[in-house]
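Per our numbering, the sequence shown runs over residues 8 to 212. Quick reminder that beta carbons are idealized off the backbone N, C-alpha and C, glycines included. Given the structure is predicted, the values throughout are model-derived calculations rather than measurements.
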Amino acid sequence: MADVDGAGLAEVERLLRITRLGDRVDADGRLSDAGMERVHTVLEGYAARARELGAERVLATATSAVRDADNGSEFLAGVRRRHGFETRLLSGREEAELTYRGVTSRLAAGPGTLVCDIGGGSTELVLGGPAGVVDATSLDVGCVRMSERCLRSDRLSAYEQWSLPWDEATRNEFRHGVDVVRSGETLVGAARFAAGAGRHGSFDK
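This is how it looks when you write it as structure tokens:
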């Protein structure tokens with residue numbers, strides 16, 4: 008929740024719930040009934056809180072899991088119908104650029120700033136500087152997607168971690184991001200999925 012004054016946003020309240028909407032999307036190509044219902048349950052609480060705080064506009068944005076799912080548009084229609092939210096499905100490029108804007112709203116970006124955002128279904132790499140985004144790409148490589156493809160147990164030895172079966176599709180995804188990464192001088196890591204929104208760490212090259 009934020010107040011908008013034309014020049015920027017002033018945060019009023021921040022809520023974060025992990026719903027794992029993307030469970031099994033990589034394997035099945037669809038959002039599961041259980042995953043969608045978990046999201047609807049959370050959105051019911053968000054809608055109630057938005058009403059309490061007098062929100063004039065509520066927008067729900069969807070990313071990787073909904074982009075990939077055959078029933079993604081059906082899910083968004085359900086969000087509009089059940090909760091009255093406006094909805095928007097972000098492209099990979101839009102997701103990357105919004106991630107960069109979010110990070111640099113609190114951290115001044117110098118030349119060659121590379122933002123890496125690891126999510127459940129995708130990883131965004133965004134290169135920018137004081138003038139904004141220079142280059143960006145979204146890779147279909149994320150925590151949930153890769154764990155479902157590669158992991159057979161919740162507890163792995165160090166050897167198992169280094170010997171995960173990277174397939175050719177995964178290797179090709181990383182090749183797409185090589186040029187973006189090579190141009191970076193300072194790396195800023197952002198992970199909504201793992202660390203929570205708004206947290207980041209930066210590392211010099």
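Excluding the five sequence neighbours on either side, which residues of its own chain have a C-beta within less than 7 Å of the C-beta of Arg9, listed in chain order? Inspection of the sequence shows that residue 9 is occupied by Ala rather than by Arg. The residues Leu16, Ala17, Glu18, Val19, in chain order, have a CB closer than 7 Å to that of Ala9 in the same chain once the five nearest residues on each side in sequence are set aside.
For Gly126, is the classification buried or exposed, using 16 other Cβ atoms within 10 angstroms of its Cβ as the cut-off for buried? Its Cβ being crowded by 16 or more others within 10 Å, Gly126 is buried.
Tell whether a beta-carbon distance below 8 Å holds between Thr106 and Glu131. With respect to the 8 Å criterion, Thr106 and Glu131 are classified as neighbours on the basis of their beta carbons.
Distance, Cα to Cα, Gly205 vs Ala34? Confidence in Gly205 is poor, its pLDDT being 38 and thus under 50, which makes the residue's placement unreliable; the coordinate value appears in the next sentence. One C-alpha to the other measures close to 30 Å.
What residue ranges within the segment 29-53 form continuous beta strand (DSSP E) runs of no fewer than 3 residues, ordered along the chain? The qualifying runs do not exist here; there are none.
Where does Leu27 sit, in a helix, a strand or coil, going by DSSP? Residue 27 is actually Arg in this sequence, not Leu. Here Arg27 sits in coil by DSSP.
Who are the Cβ neighbours of Ser190 in its own chain at under 6 Å, not counting the five residues just before and after it? Closer than 6 Å at the Cβ level, and outside the excluded window around Ser190, lie Leu134.
What are the boundary residues of the alpha helix (DSSP H) that includes Ser1? An answer regarding residue 1 cannot be provided, because it is not within the stretch 8 to 212 covered by the chain.
Three Cβ pairs or more, each shorter than 8 Å: is that satisfied between the segment 70-78 and the segment 44-60? Here the segment 70-78 does not lie against the segment 44-60, with fewer than 3 beta-carbon pairs under 8 Å apart.
Out of curiosity, what's the CA-to-CA distance linking Arg27 and Gly42? Answer to the nearest angstrom: the Cα atoms are 7 Å apart.
Determine the extent of the alpha helix (DSSP H) in which Arg21 is found, giving its start and end residues. According to the DSSP assignment, Arg21 belongs to no alpha helix (DSSP H), since it is labelled neither H nor E.
Keeping to the same chain, check which residues put their C-beta closer than 6 Å to that of Gly36; ignore five residues upstream and five downstream. Only Asp77 meet the Cβ criterion.
For the beta strand (DSSP E) containing Val141, name the first residue and the last one. Unbroken beta strand (DSSP E) run through Val141: 139-146.
I want to know whether the segment 56-66 touches the segment 96-106 - three or more CB-CB distances under 8 Å. In short, these stretches do not touch, since the Cβ pair count stays below three.
Are the CB atoms of Gly109 and Ala72 nearer to each other than 8 Å? For the 8 Å CB-CB criterion, Gly109 and Ala72 do not form a contact.
Could you spell out where the alpha helix (DSSP H) holding Gly149 opens and where it closes? Unbroken run through Gly149: none, as it is neither H nor E.
Taking the Cβ atom as the reference point for each residue, do Asp124 and Ala198 lie within a distance shorter than 8 Å? If you check the CB distance, Asp124 and Ala198 come in under 8 Å.
Best match in Leu96, Arg89, Val185, Leu66 for proximity to Leu5 [C-alpha to C-alpha]: Any answer about residue 5 is impossible in this case: the structure gives the chain only from 8 up to 212.
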